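*Asks:* Right, I'll just put the structure down here and ask away after.
There are 2 protein chains.
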Amino acid sequence: MSQLPTEFLNEAKTLLGDKGWSEDADRLKDAATPWRGNWPGETPFLAMPGSTEQAAQLVRLCAKHKVALVPQGGNTGLVDGGTPHGEITVSMRRMKAIRAVDTKNNSLTIEAGAPLVDAQEAADEANRLFPLSLGSEGQATIGGLISTNAGGVAVLRYGMMRDLILGLEVVLPSGEVWDGLSGLRKNNTGYDLKHLFAGAEGTLGLITAATLKLFPKVAKATGWVICKSASDVVDLLTLVRDHAGDTVTSFEIIPARAISMVQADAPDTRDPAPSELPWRVLVEVSMAREELARDTLMEALGDGIEKGLADNVIIAENKAQADSFWHIRETIPLSKRAFGTAINHDISVPVSAIPAFLDVTEAEIHKVAAEAEIVAFGHVGDGNLHYSACEPKHATSPILSNHAGEITRIVHEQTMRHGGSISAEHGVGRLKRDELAGIRPQVATDTMRAIKTALDPLGIMNPGRVVSV
Amino acid sequence: MSQLPTEFLNEAKTLLGDKGWSEDADRLKDAATPWRGNWPGETPFLAMPGSTEQAAQLVRLCAKHKVALVPQGGNTGLVDGGTPHGEITVSMRRMKAIRAVDTKNNSLTIEAGAPLVDAQEAADEANRLFPLSLGSEGQATIGGLISTNAGGVAVLRYGMMRDLILGLEVVLPSGEVWDGLSGLRKNNTGYDLKHLFAGAEGTLGLITAATLKLFPKVAKATGWVICKSASDVVDLLTLVRDHAGDTVTSFEIIPARAISMVQADAPDTRDPAPSELPWRVLVEVSMAREELARDTLMEALGDGIEKGLADNVIIAENKAQADSFWHIRETIPLSKRAFGTAINHDISVPVSAIPAFLDVTEAEIHKVAAEAEIVAFGHVGDGNLHYSACEPKHATSPILSNHAGEITRIVHEQTMRHGGSISAEHGVGRLKRDELAGIRPQVATDTMRAIKTALDPLGIMNPGRVVSV
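As C-alpha cells, then:
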C-alpha cells in the first residue's frame, strides 16, 4: 500500500470534516473486510462524504493527486468489487436521505447510501411497492445495488435493478456531477448514461442518488410444489404463466438436499411436505386482490397436478406460512456454508436449457468427484441458478478442495456450452475479471476498455474491477 | 455530396452482389426521402447487405476508405436520424429472417431489417406476445426501433424497446461483429453494451439482429372514458391502478378537439360518446382471462364515476368496438396533418406534472397566438404527450407559421420547467441535436462525445446525429 500524499490527506480531511473521515485501524480493517470475510483487503483512508458536493470535491481531489478510490455501499458484494486493496475507501453510508416521493408519478428519489430496506419502507408508506428484494436488503445500499445491477427474487416480473431506475446522480471521475435524476419514464435525448453506470461496479463514476420506479401494491399467493424432474419444473413454469400471465412474480427452484441442509442447520425450519422426489418450487403470483391471486394459483397448480408436472402442492394459508416457505429459500446460502466446503457459482442459461445443463454438469462433476453433493437452487424463471458442489456429509477427508478448480471449470464450460453466463447477478469485480476476459468476445472486452479509458483516463475509479486497462 | 472513391465503389459492389446495391436515381431518391417527406436528403449509393458478414465487410470497407454511412430501417423516424445527407445508405431491409423462437425461454431472435409486425406475428404463432405496438409497425424495422428506443402504446406495462431486448448483434465502426445475441435474462458480465447501442440511433454501430423478450399472451378489456379535466385524468390513472395493479397496459389521453379533427378527416370513425367535456381516456387492462380483465376494468371505472373522476364510461363489447376506439387514437397524427399546419412536439413530464404543464403552456401559447388550437394527446401513463399547436379551422390567413419558433420555445421551456424531456420517444437525430446540446447538462454531452469518439474514432457511423463531435 503506497503512501498517500500528505497534501491530499490534509485537503481531504478539511473537506470532509470530523465525521467524514477515519484513519482508525479498526474502522479501516472493517471497511476492508467484506461481508463473507473472503478476500480481505486493506485501505489507508476511509472517506464518508455527507453530500453530493462533498463527494464531488473529494473525487476532484483524488483526480488532482491521482489517488485511486473504491466506492463502497453495504460491502455485501460477492465478487471482490467493493473491497479496497490499497485504494482509499469512499463509503456512501452517510448519504441515505429520501429526497422525494411522488405517488402520482410512482417515483422515489433516494441517496446512494440508503439500504434497500429504506426504499422498500418509503414505498410502502406511500402505498406503493418497490419490488427489488434479496437476502441482504438490510445492508446492501441503493448505490451498490445499482452499481452491481442486483437481481433477487422478483426479477421474473419486475426486472433487475437497472430496470427499476428512472434517473441517476453520479460523480464522474473528473469530479464533475452529472445530475441525471429524473422522474421521466420516456426520455430519448442521447445515449442512455444511466444504463452505462448501472452495472459498471463503480468503475465509471460514483453514484450518489437515484430516482427509482414505484409500482402499485399487489397481494400475493404463495405455493410450494413437489416435482419429480427439472424438466417438469420448467414446463410447470410455462403452464403457470399460461394461467396467470405475467403476474408470476417468483418461481424459485429448490433441490430436496438443500432442504435437508437447512433443517440440519436451522431448527426453526420445517419441511412443508417431505417427499422423496428431488425438486421443490416456490412460486408466487401477485395480483391486485388476494383471493384473485389465490384462485389463479390454485387453478394453475391444479392443472399442473392433472398434467403430471407436479406431484403435490401446498398453497400458503396465510402470510406466516408463506414466510415460512421463503425462510427456507433464504436460509439455503447460510446453511450451505454451515454444512461445509462448497464450490459456488452464479450462472444463468436460457430457461429452456436448464434441464440439460443440470444433467450434464452433474454427470461431469461426478466423474472427477463422485461423492460431491450438487445443490443448484435459485431463480429458475430467470434461468439463474446458484450452483454449488458441496462436500458430502460425514466425509472423513476433504474431497472437494482438491478439485475446486476443475469443478469450476466444468460448471463454467457447461454454462457456456448451453448459451449461458458465468456471472448472472453477482457481477465481475476482481474475482471474475480475468476469467471473463477470456470468455467474453474480444470485441466486447475491447469496447469496455475503450469506454473505461474514455471516461476515466486517470484510472482512479475502482481500478482493476470489471476490466483491466 | 462528395465523390465516393472508385475503389470503394468497386469493392462494395463486388462484395454486395447484384441484389445488394443500387445507384438507380429513383431508388436513391426513395432512400433519401423519409416517411413524412420533410428534410429530404441525398445519397450517392444504396447498400443492402444480405447477411451480417456482408454488413461487417461493408463497414470494414467504409472504415478503410473513410466513407460515412447511414444505417436505415423503415425510414419512418421523425427526427432526421435515418435519412442520408450525402452519406451512403445502408438499408437493412434484406435482412429480415427470424433466426429462432424459444417458447420455454420466451425469446425470439430476429434480424434487424424485419418490420415490427413480423416479430408480433412470430410471437403470436408461438402463443406468445411481443408487446411493442405503434402506428408504423408495418414499416418500422426491429433495428430502427432498437436504435431509436421506440415507445408506443404499451410502455406503461412493458417498457420501451430497450426493455424488450435480451441481446444484440452489432457491426462496430471498425467492421468487427459483436455477437451479443443472448437469451439470458440475467448476465452481469461487464458494461451493458446492448443498452449503449439501443437508443444510439446508429451512431455507435450497425445493429444486425436482436434477441427479443416474449411474454405470455393476455386478454384485454378496453374502455373509453369522458373526463372533465386533465387533473381528473391523472387521478383516474392512479385509481385504475389501485384496482388493477400493473395490469393497466395503456392509458391514453385524447382531447375532444382531436376527435373533431379525426371525424372531419376520416368518415369511417364515430365518436363513441359525444360530449362537451374536453378529455377522453382510452384505457386498456390486460389479464390472463378476458372476463377477469373486463370485470376489473368495470369495477375500476365504476369507482371512477362514483368518485367524480369520470363522467361517462364505455367498455368495449368486443374486439371490433375496441379496435374502433384505437382507430380514433391511431388516426390523430394523420388527421392533424390533413387539418392544416401544426407545430408538433414530443415531450414528457412526470405524470404528476401533466395538469399544470397543460394549463400553463396553453396560456403562454395563447399570449402569442390567441387562436392556436392546442391538441395534446398520447401516453399519459408514461407522462408522454404529443403536443401540437394547430392552425385554427377556417383561418383566413396563416397564423401559426409566423410563430412556430416562439411556440416551440414556449413548449420546450415549460417542459423543462416541469422537469421534463423535449424528446420523449422520437429521439434526437439531426433535428434536435443542437437544441439538446443546449438543454442537456454539459457533462452529459461531454460524456456522450467521449463515448462516440472512443467507439467511432473515424466518425463514419451516422455522423452528426445525436451529438456533434
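Going down the list, the protein sequences come from chains A and B.
Residue 1 is where the first sequence starts when you use the UniProt record's numbering, and the numbers rise one by one after that.
Residue 1 is where the second sequence starts when you use the UniProt record's numbering, and the numbers rise one by one after that.
Positions of the beta carbon are idealized from the N, C-alpha and C atoms, including for glycine.
Here the structure is a predicted model, which means the values were calculated and not measured.
Should A/Ser401 go down as buried or exposed, given a rule of 16 or more other Cβ atoms within 10 Å for buried?
*Replies:* A/Ser401 comes out exposed.
*Asks:* Counting beta carbon pairs with one atom in the segment 428-443 of chain B and one in the segment 369-377 of chain B, are three or more of them shorter than 8 Å?
*Replies:* No, the segment 369-377 of chain B is not in contact with the segment 428-443 of chain B.
*Asks:* Mapping DSSP to helix, strand and coil, what is A/Arg44?
*Replies:* In the sequence under discussion, the amino acid at residue 44 of chain A is Pro, which differs from the Arg named in the question. A/Pro44: coil per DSSP, three-state reduction.
*Asks:* Of the residues that make up the segment 30-49 of chain A, which ones have a beta carbon closer than 7 Å to any beta carbon in chain B?
*Replies:* Answer set for the segment 30-49 of chain A: empty.
*Asks:* Which one of B/Asp346, B/His327, B/Ala342 and B/Asn384 has the shortest CA to CA distance from B/Pro355?
*Replies:* It is B/Asn384 whose Cα lies nearest to the Cα of B/Pro355.
*Asks:* Applying a beta-carbon distance threshold of less than 7 Å, which residues of chain B neighbour A/Glu176?
*Replies:* Val443, listed in chain order.
*Asks:* Leaving out five residues before and five after B/Asp80 in sequence, what residues of the same chain have Cβ atoms less than 6 Å from its Cβ?
*Replies:* Same-chain partners within the cutoff: Trp39, Gly429, Arg430 and Leu431.
*Asks:* If you compare alpha carbons, which of B/Gly113, B/Trp35, B/Ile88 and B/Cys62 is closest to B/Leu78?
*Replies:* When each option's Cα is compared against that of B/Leu78, the closest is B/Trp35.
*Asks:* Please determine, among B/Phe197, B/Ala150, B/Phe45 and B/Arg162, the residue with the shortest C-alpha to C-alpha distance to B/Asp179.
*Replies:* Comparing Cα positions, the closest option is B/Phe197.
*Asks:* Quick one: grab the DSSP three-state call for A/Gln139.
*Replies:* Residue state, collapsed to three classes: coil.
*Asks:* How is B/Asp102 classed by DSSP in three states: helix, strand or coil?
*Replies:* In this structure, B/Asp102 counts as strand in the three-state DSSP scheme.
*Asks:* Check the Cβ of A/Val234 against every Cβ in chain B and list those closer than 7 Å, keeping chain order.
*Replies:* Lys104, listed in chain order.
*Asks:* Pop quiz: A/Ile314 and A/Gly223 are said to be a contact at Cβ under 8 Å. What is the actual Cβ separation, rounded to whole angstroms?
*Replies:* Rounded, the Cβ-Cβ distance is 7 Å, consistent with contact.
*Asks:* Here's a check: name, in chain order, each residue in its chain whose Cβ is nearer than 8 Å to the Cβ of A/Asn127, leaving out the five neighbours to either side.
*Replies:* Correct list, in chain order: Thr103 and Lys217.
*Asks:* What does A/Leu455 reach in chain B if we use C-beta pairs closer than 9 Å?
*Replies:* Residues of chain B passing the Cβ test: Thr447, Ala450, Ile451 and Ala454.
*Asks:* Based on DSSP bridge pairs, tell me the residues matched to B/Tyr387.
*Replies:* Answer is B/His345 and B/Ala376.
*Asks:* Quick one, are the C-beta atoms of B/His85 and B/Glu23 less than 8 Å apart?
*Replies:* In this structure, B/Glu23 does not lie closer than 8 Å to B/His85 by Cβ.
*Asks:* Determine which residues of the segment 406-429 of chain B have a Cβ less than 9 Å from any Cβ of chain A, and write them out in chain order.
*Replies:* The segment 406-429 of chain B vs chain A, Cβ under 9 Å: Gly419, Gly420, Ser421, Ile422, Ser423, Ala424, Glu425, His426, Gly427 and Val428.
*Asks:* Taking 8 Å as the threshold (beta carbon to beta carbon), is A/Pro71 in contact with chain B?
*Replies:* Output row for A/Pro71: interface = no.
*Asks:* Note the first and the last residue of the continuous beta strand (DSSP E) segment covering A/Ala280.
*Replies:* The question names Ala, but residue 280 of chain A is Arg in the sequence shown. Here the beta strand (DSSP E) through A/Arg280 covers Trp279 to Met287.
*Asks:* Checking the sheet assignment: what are the DSSP bridge partners for B/Val90?
*Replies:* B/Ala47 and B/Pro71.
*Asks:* What does A/Thr189 pair with, by DSSP beta-bridge criteria?
*Replies:* DSSP, once it has assigned bridges, lists no residue as partnering A/Thr189.
*Asks:* Any beta carbon of chain A sitting closer than 8 Å to that of B/Lys393?
*Replies:* Taking Cβ atoms only, chain A never reaches closer than 8 Å to B/Lys393, which makes this a no.
*Asks:* Any Cβ of chain A within less than 8 Å of the Cβ of residue 472 of chain B?
*Replies:* The requested residue 472 of chain B does not occur in the structure, where chain B is confined to residues 1 to 469.
*Asks:* B/Pro355 by DSSP, collapsed to three states: which one?
*Replies:* Of the three classes helix, strand and coil, the one that applies to B/Pro355 here is helix, per DSSP.
*Asks:* According to DSSP, is A/Asp246 part of a helix, a strand, or is it coil?
*Replies:* A/Asp246: helix per DSSP, three-state reduction.
*Asks:* DSSP three-state call for A/Glu252: helix, strand or coil?
*Replies:* Residue state, collapsed to three classes: strand.
*Asks:* Quick one: what's got a C-beta closer than 7 Å to B/Leu358's C-beta in the same chain, skipping five residues either side?
*Replies:* Excluding sequence neighbours, B/Leu358 sits near Ala230 and Ala376.
*Asks:* If you run the structure through DSSP and keep just helix, strand and coil, what is B/Ser275?
*Replies:* In the structure shown, B/Ser275 sits in coil (DSSP, three-state: anything other than H, G, I, E or B).
*Asks:* Between the Cα of B/Ala12 and those of B/Arg27, B/Gly50 and B/Asp26, spot the shortest distance and give me the residue it belongs to.
*Replies:* Ranking B/Arg27, B/Gly50 and B/Asp26 by Cα distance to B/Ala12 puts B/Gly50 first.
*Asks:* Decide if B/Gly405 is buried, meaning its Cβ has at least 16 other Cβ atoms within 10 Å, or exposed.
*Replies:* Result: exposed.
*Asks:* Determine the closest residue to B/Leu164 out of B/Leu172, B/Asn149 and B/Val170, with distance taken between C-alpha atoms.
*Replies:* When each option's Cα is compared against that of B/Leu164, the closest is B/Asn149.
*Asks:* Output yes or no for whether 8 Å exceeds the beta carbon distance between B/Arg329 and B/Glu252.
*Replies:* Yes.
*Asks:* Give the DSSP bridge partners of A/Cys227, in chain order.
*Replies:* The partner list for A/Cys227 (beta bridge, DSSP) reads A/Trp279.
*Asks:* If we ignore side chains and look at the alpha-carbon of each, how far apart do B/Pro278 and B/Val240 end up?
*Replies:* Rounded to whole angstroms, B/Pro278 to B/Val240 spans 20 Å at the Cα level.
*Asks:* Residues of chain A with CB closer than 7 Å to the CB of B/Phe215, please, in chain order.
*Replies:* Correct list: Asp246.
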